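A.B. asks:
There are 2 protein chains.
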Amino acid sequence: LTATLTTPGSSPGGSPLARRVIEVCREIAGFSESRSCTTRTFLSPPMHAVHKLLRTWMSGLQMNSHVDSAGNLIGVYSGAGTGGRPCLLIGSHLDTVPDAGAYDGILGVVLGLALIEALDGDSLPFDIEIVGFSEEEGVRFSTPFLGSLAYIGQFDPKLLNLVARDGVSVETAIRQFGLDPAGIPACSLSSRGIGALGYLEFHIEQGPVLEHLNAPVAAVNGIVGQSRYQLSFHGQANHAGTTPMSQRADALAAAAEWILEVERMARAEDGLVATVGRLSVTPDAGNVIPGQADASLDVRHLSDAVRVRAACAILAAAARIANARGLRVGSSLVLDQPAVVCDSSLVKRLERSIAATGLAVHTLSSGAGHDAMILARAVPSAMLFLRSPGGVSHLPAEAVIEADVNVALAVGLHFIRSLETMS
Amino acid sequence: LTATLTTPGSSPGGSPLARRVIEVCREIAGFSESRSCTTRTFLSPPMHAVHKLLRTWMSGLQMNSHVDSAGNLIGVYSGAGTGGRPCLLIGSHLDTVPDAGAYDGILGVVLGLALIEALDGDSLPFDIEIVGFSEEEGVRFSTPFLGSLAYIGQFDPKLLNLVARDGVSVETAIRQFGLDPAGIPACSLSSRGIGALGYLEFHIEQGPVLEHLNAPVAAVNGIVGQSRYQLSFHGQANHAGTTPMSQRADALAAAAEWILEVERMARAEDGLVATVGRLSVTPDAGNVIPGQADASLDVRHLSDAVRVRAACAILAAAARIANARGLRVGSSLVLDQPAVVCDSSLVKRLERSIAATGLAVHTLSSGAGHDAMILARAVPSAMLFLRSPGGVSHLPAEAVIEADVNVALAVGLHFIRSLETMS
Numbered sequence: 551l552t553a554t555l556t557t558p559g560s561s562p563g564g565s566p567l568a569r570r571v572i573e574v575c576r577e578i579a580g581f582s583e584s585r586s587c588t589t590r591t592f593l594s595p596p597m598h599a600v601h602k603l604l605r606t607w608m609s610g611l612q613m614n615s616h617v618d619s620a621g622n623l624i625g626v627y628s629g630a631g632t633g634g635r636p637c638l639l640i641g642s643h644l645d646t647v648p649d650a651g652a653y654d655g656i657l658g659v660v661l662g663l664a665l666i667e668a669l670d671g672d673s674l675p676f677d678i679e680i681v682g683f684s685e686e687e688g689v690r691f692s693t694p695f696l697g698s699l700a701y702i703g704q705f706d707p708k709l710l711n712l713v714a715r716d717g718v719s720v721e722t723a724i725r726q727f728g729l730d731p732a733g734i735p736a737c738s739l740s741s742r743g744i745g746a747l748g749y750l751e752f753h754i755e756q757g758p759v760l761e762h763l764n765a766p767v768a769a770v771n772g773i774v775g776q777s778r779y780q781l782s783f784h785g786q787a788n789h790a791g792t793t794p795m796s797q798r799a800d801a802l803a804a805a806a807e808w809i810l811e812v813e814r815m816a817r818a819e820d821g822l823v824a825t826v827g828r829l830s831v832t833p834d835a836g837n838v839i840p841g842q843a844d845a846s847l848d849v850r851h852l853s854d855a856v857r858v859r860a861a862c863a864i865l866a867a868a869a870r871i872a873n874a875r876g877l878r879v880g881s882s883l884v885l886d887q888p889a890v891v892c893d894s895s896l897v898k899r900l901e902r903s904i905a906a907t908g909l910a911v912h913t914l915s916s917g918a919g920h921d922a923m924i925l926a927r928a929v930p931s932a933m934l935f936l937r938s939p940g941g942v943s944h945l946p947a948e949a950v951i952e953a954d955v956n957v958a959l960a961v962g963l964h965f966i967r968s969l970e971t972m973s
Numbered sequence: 551l552t553a554t555l556t557t558p559g560s561s562p563g564g565s566p567l568a569r570r571v572i573e574v575c576r577e578i579a580g581f582s583e584s585r586s587c588t589t590r591t592f593l594s595p596p597m598h599a600v601h602k603l604l605r606t607w608m609s610g611l612q613m614n615s616h617v618d619s620a621g622n623l624i625g626v627y628s629g630a631g632t633g634g635r636p637c638l639l640i641g642s643h644l645d646t647v648p649d650a651g652a653y654d655g656i657l658g659v660v661l662g663l664a665l666i667e668a669l670d671g672d673s674l675p676f677d678i679e680i681v682g683f684s685e686e687e688g689v690r691f692s693t694p695f696l697g698s699l700a701y702i703g704q705f706d707p708k709l710l711n712l713v714a715r716d717g718v719s720v721e722t723a724i725r726q727f728g729l730d731p732a733g734i735p736a737c738s739l740s741s742r743g744i745g746a747l748g749y750l751e752f753h754i755e756q757g758p759v760l761e762h763l764n765a766p767v768a769a770v771n772g773i774v775g776q777s778r779y780q781l782s783f784h785g786q787a788n789h790a791g792t793t794p795m796s797q798r799a800d801a802l803a804a805a806a807e808w809i810l811e812v813e814r815m816a817r818a819e820d821g822l823v824a825t826v827g828r829l830s831v832t833p834d835a836g837n838v839i840p841g842q843a844d845a846s847l848d849v850r851h852l853s854d855a856v857r858v859r860a861a862c863a864i865l866a867a868a869a870r871i872a873n874a875r876g877l878r879v880g881s882s883l884v885l886d887q888p889a890v891v892c893d894s895s896l897v898k899r900l901e902r903s904i905a906a907t908g909l910a911v912h913t914l915s916s917g918a919g920h921d922a923m924i925l926a927r928a929v930p931s932a933m934l935f936l937r938s939p940g941g942v943s944h945l946p947a948e949a950v951i952e953a954d955v956n957v958a959l960a961v962g963l964h965f966i967r968s969l970e971t972m973s
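Residue numbers (the working numbering), protein chains in the order written: chain A, 551 to 973; chain B, 551 to 973.
In structure tokens:
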């Protein structure tokens, strides 16, 4: 194993296999709807090239592969076994945001195949299915998780009627890619008779925590729930020169007081994040006191109770501030998504695998949604985060460190081997 | 005089002449570029109808009238005199903002003509020139005061090359209206050999102060100076879910802290107003921490020293807040317009005329720019504000109270008579 993963001449802590993972991710980043950047949405034409490259690799690893009716790429490794045995699922998504980096999603699929390569044809008492989900980002149809929902048999047929901005429906997109929407029910693990041992997703952290901790990887114990609201502060637009300070009902000043309160309240609760990411004022003229300010609110925590309590307190603060200033405020709930807790025995197993590499064990909650959030409804699930240099994601500057990929490979191999003794 | 201005059956404190002022203003509001609202920009076609209506009235009052090459409407009253004597100027502007009310500007012209009507042909030792400026709002060419600048001989010929959004230049607009741009230098008071006693402008307050004081009118002692800046807070855009509160550089949170500081500092200084009227965030997505926030700043005070000191302190606060949060802030000066102080002897004369009506004397500074600001460069100038119900202006709901118009007429007549004894 050590010989496979480190070789004289590679970067400190790197390995040829880790370097190959990065090279394949970068090559796939070239498969794009745009010439100038990486944009690869659900079943867009460049997805054919992604499938071809990965299936060629799978074929070389003696894996059976297919693309299901939802566009998910699936490859099964049975080693010297007979196939059809309990199955460890490893995967992530193949699609990207517009102007994306080279690692979000695809890294989890490529790392999975690199692990199969590292197994070198070894016999295991279970199969390993590598899955590249067709859709996670929600870009093309403003609705995420189309691939993983089909994979666990929770793809609502109404989703076929979603229409993208270009007028194409999900159903048409599937047909245009050369697939048959009628086959979607047959995509599910249960229809396919798969008995899953669990689902493991490797993913870049997309945040600054591991860099801050100077740690290459962390186990993920859950994915935070989200509350999203839209708020409107209603004051009185008025002339900026003729209205004394004492006679104003400035909607932006009220929103500003509230934004600081959002920040203060989030800082006061461990693990809570709260963000005002959108703000617009009306009439938005330099010489007019804002009569209205519209703001978004995004609140996340691993505990649903903490999150809901915090969101309520933040809305109450908005009402209190508006009232004290003689304004009105209205709010509407846009999203209330519960947290997902990872399977504790898989998380412990991952933590032991991290410890086995000699590294300090860190366990984070994920602040972003992932396919594992959907998979967890049907299968024991866990994730391993890789450090994101600069905390950067969803941008071309998104990166991974070769040595961190090597650690992830070592942790993944230890995790797989540990399941052997369990089975 | 009392008989002229109040008649049994008119509204409390009103009069037929005051009612006529309001009726004429409302009739003129119908002369618009739009069917559904009042919009009348510099030398737009409906301006012909305004000129026609007012010149018909002037003609009935034995006034000589003309439209000058800058589109200003001018009518001269000599009573039983011979003309060519020292001249009192009374006026305001004929143009409007888009979707305007019926009184901003036009009221000052109509009130001037009503005063001539109230004089009833009386002989005075001076002429009275009523002027309706063609342009004050800066709507059509994004440049205000085109009419009054020509009137005082400060119309820079380069202004003829300004081009509106529809591709028409000032020069073309003047020609299209049937006027000759070459005549602009001859529009000036000095070219015309006018020896002005002073300039008096009646205008709605466009603010809530007189309503708050329960007073119909006030003398205006000056027009505040303005500082306008554009500020940009530069933080770091990041994922709203994956970036802990402690590792954020949220540009909107910094801007919010600064906006509250702007409000606090303005409240602490008598007569100071400071407004953040525009704010935009980048990337402006609900799930992304704002990486940049761009804001406008508008600071006004009658004392230039107070204004400049306040603007500096507000910019310093922005730098302090950004620095404490690990952000950068940049600012650029957009406008630095000095205050204009009204002629103190004319202001005192107006205050005495207010007192003569038996009302409490209030004196305000104007928070908005007016033609008087330009006239003051060449002629002793003063203004009388009329109460704005609800403080509303630049909106269809803009109003005046008939009784307040009647007070303004009485004050104006007293003011004119008082000049008789001076001359």
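We put the beta carbon where it would ideally sit given N, CA and C, even for glycine. As the structure is a prediction and not an experimental result, all values here were calculated from the model.
To the nearest whole angstrom, what separates the beta carbons of Ala804(A) and Ile871(A), a pair I think is in contact under 8 Å?
C.D. replies: That pair is a contact at about 6 Å.
A.B. asks: Within 10 angstroms of the Cβ of Glu686(B), are there 16 or more other Cβ atoms? Answer buried if so, exposed if not.
C.D. replies: With 16 or more other CB atoms across the displayed protein chains lying within 10 angstroms of its CB, Glu686(B) is buried.
A.B. asks: Write down the C-beta distance between Leu663(A) and Ile678(A) rounded to the nearest angstrom, noting that I regard them as a contact closer than 8 Å.
C.D. replies: Their Cβ separation, rounded to whole angstroms, is 10 Å, which puts Leu663(A) and Ile678(A) out of contact at 8 Å.
A.B. asks: Using 8 Å as the cut-off, can you tell me whether the segment 743-755 of chain A makes contact with the segment 917-935 of chain A, which would need three or more C-beta pairs spanning the two stretches below that distance?
C.D. replies: yes
A.B. asks: With a 10 Å radius around its C-beta and 16 neighbouring C-beta atoms as the bar for buried, classify Asp848(A) as buried or exposed.
C.D. replies: With 16 or more other Cβ atoms within 10 Å, it is buried.
A.B. asks: Is the shortest distance between the beta-carbon of Gly827(A) and the beta-carbons of chain B less than 9 Å?
C.D. replies: yes
A.B. asks: Does DSSP classify Leu778(A) as helix, strand or coil?
C.D. replies: According to the sequence provided, residue 778(A) is Arg. The question's Leu does not apply to it. Correct three-state label for Arg778(A): strand.
A.B. asks: Could you tell me which whole alpha helix (DSSP H) segments of length 4 or greater appear in the segment 853-877 of chain B?
C.D. replies: Scanning the segment 853-877 of chain B from its first residue to its last, the whole alpha helix (DSSP H) runs of 4-plus residues come out as 854-874.
A.B. asks: With respect to the beta strand (DSSP E) encompassing Glu679(A), which residues constitute its N-terminal and C-terminal limits?
C.D. replies: 677-683
A.B. asks: Taking the beta strand (DSSP E) that Ala765(B) falls in, what are its first and last residues?
C.D. replies: No beta strand (DSSP E) holds Ala765(B); DSSP gives it neither H nor E.
A.B. asks: Quick check on DSSP: helix, strand or coil for His851(A)?
C.D. replies: strand
A.B. asks: May I ask you to verify whether the segment 581-599 of chain B touches the segment 640-651 of chain B, counting CB pairs closer than 8 Å and requiring at least 3?
C.D. replies: yes
A.B. asks: Should the segment 865-884 of chain B be regarded as contacting the segment 716-734 of chain B, the criterion being three or more beta carbon pairs within less than 8 Å?
C.D. replies: no
A.B. asks: Kindly indicate the opening and closing residues of the alpha helix (DSSP H) around Ile897(A).
C.D. replies: Rather than Ile, the amino acid found at residue 897(A) in this sequence is Val. It spans 894-906 - the alpha helix (DSSP H) in which Val897(A) sits, taken as one unbroken run.
A.B. asks: I'd like to check one pair, Gly962(A) with Leu665(A): are the Cβ atoms closer than 9 Å?
C.D. replies: yes
A.B. asks: In or out: Leu551(B) buried (at least 16 other Cβ within 10 Å) or exposed?
C.D. replies: Unreliable positioning characterises Leu551(B) in this predicted model, as indicated by a pLDDT of 39, which lies under 50. A coordinate reading is not provided.
A.B. asks: Do you know how far the Cα of Ala768(A) is from the Cα of Phe691(A)?
C.D. replies: 32 Å
A.B. asks: Threshold first: 4 residues or longer. Then list the alpha helix (DSSP H) segments lying entirely within the segment 725-750 of chain A, N to C.
C.D. replies: If only uninterrupted alpha helix (DSSP H) runs of at least 4 residues are considered, none is enclosed by the segment 725-750 of chain A.
A.B. asks: Quick one: residues in its chain with C-beta nearer than 7 Å to the C-beta of Ser943(B), no 5 flanking neighbours on either side, listed in chain order?
C.D. replies: Gly651, Asp654, Ile754, Gln756
A.B. asks: Are any of the Cβ atoms in chain A nearer than 9 Å to that of Leu810(B)?
C.D. replies: yes
A.B. asks: Is the number of C-beta pairs between the segment 701-719 of chain B and the segment 933-942 of chain B that are closer than 8 Å three or more?
C.D. replies: no
A.B. asks: Going along chain A, which residues have a C-beta under 7 Å from Arg778(B)?
C.D. replies: Gly836
A.B. asks: Taking the CB atoms as reference points, tell me whether Pro840(B) and Val826(A) lie closer together than 9 Å.
C.D. replies: yes
A.B. asks: Counting contacts by CB-CB distance shorter than 9 Å, is Ser565(A) in contact with chain B?
C.D. replies: Ser565(A) has a beta carbon lying at 9 Å or more from every beta carbon in chain B.
A.B. asks: Does chain E have any CB closer than 9 Å to the CB of Ser642(A)?
C.D. replies: Among the chains of the structure shown, chain E does not appear; the protein chains present are A and B.
A.B. asks: Applying the criterion that 16 or more other CB atoms from any shown protein chain within 10 Å of the CB defines a buried residue, is His762(A) buried or exposed?
C.D. replies: exposed
A.B. asks: Straight-line CA distance for Gly717(B) to Ala723(B)?
C.D. replies: 10 Å
A.B. asks: Skipping 5 residues on each side, what residues in its chain have a beta carbon closer than 7 Å to that of Ile904(B)?
C.D. replies: Val767, Ala769, Val911, Val961
A.B. asks: Exposed or buried, which one is Pro694(A) when buried takes at least 16 other CB atoms within 10 Å?
C.D. replies: buried
A.B. asks: Alpha carbon to alpha carbon, how far is Ala843(A) from Gln887(B)?
C.D. replies: So the alpha carbons of these two residues sit roughly 29 Å apart.
A.B. asks: Along chain B, which residues have their Cβ under 7 Å away from the Cβ of Arg857(A)?
C.D. replies: The contacting residues do not exist; Arg857(A) stays about 12 Å from chain B at best.
A.B. asks: Can you check whether the C-beta of Asn788(A) is within less than 9 Å of a C-beta belonging to chain B?
C.D. replies: yes
A.B. asks: Using 8 Å as the cut-off, can you tell me whether the segment 855-871 of chain A makes contact with the segment 784-798 of chain A, which would need three or more C-beta pairs spanning the two stretches below that distance?
C.D. replies: no
A.B. asks: Could you name the residues of the same chain whose beta carbon sits closer than 7 Å to that of Arg850(B), not counting the 5 residues immediately before and after it, in chain order?
C.D. replies: Exclusion of the five residues before and after Arg850(B) leaves Val774, Gly775, Gln776, Val823, Arg857, Gly917 as the residues of its chain whose Cβ lies within less than 7 Å of its Cβ.
A.B. asks: Residues of chain A with CB under 7 Å from Leu802(B), in chain order?
C.D. replies: Ile809, Val826, Leu829
A.B. asks: Any beta-carbon of chain B closer than 9 Å to the one on Arg850(A)?
C.D. replies: yes
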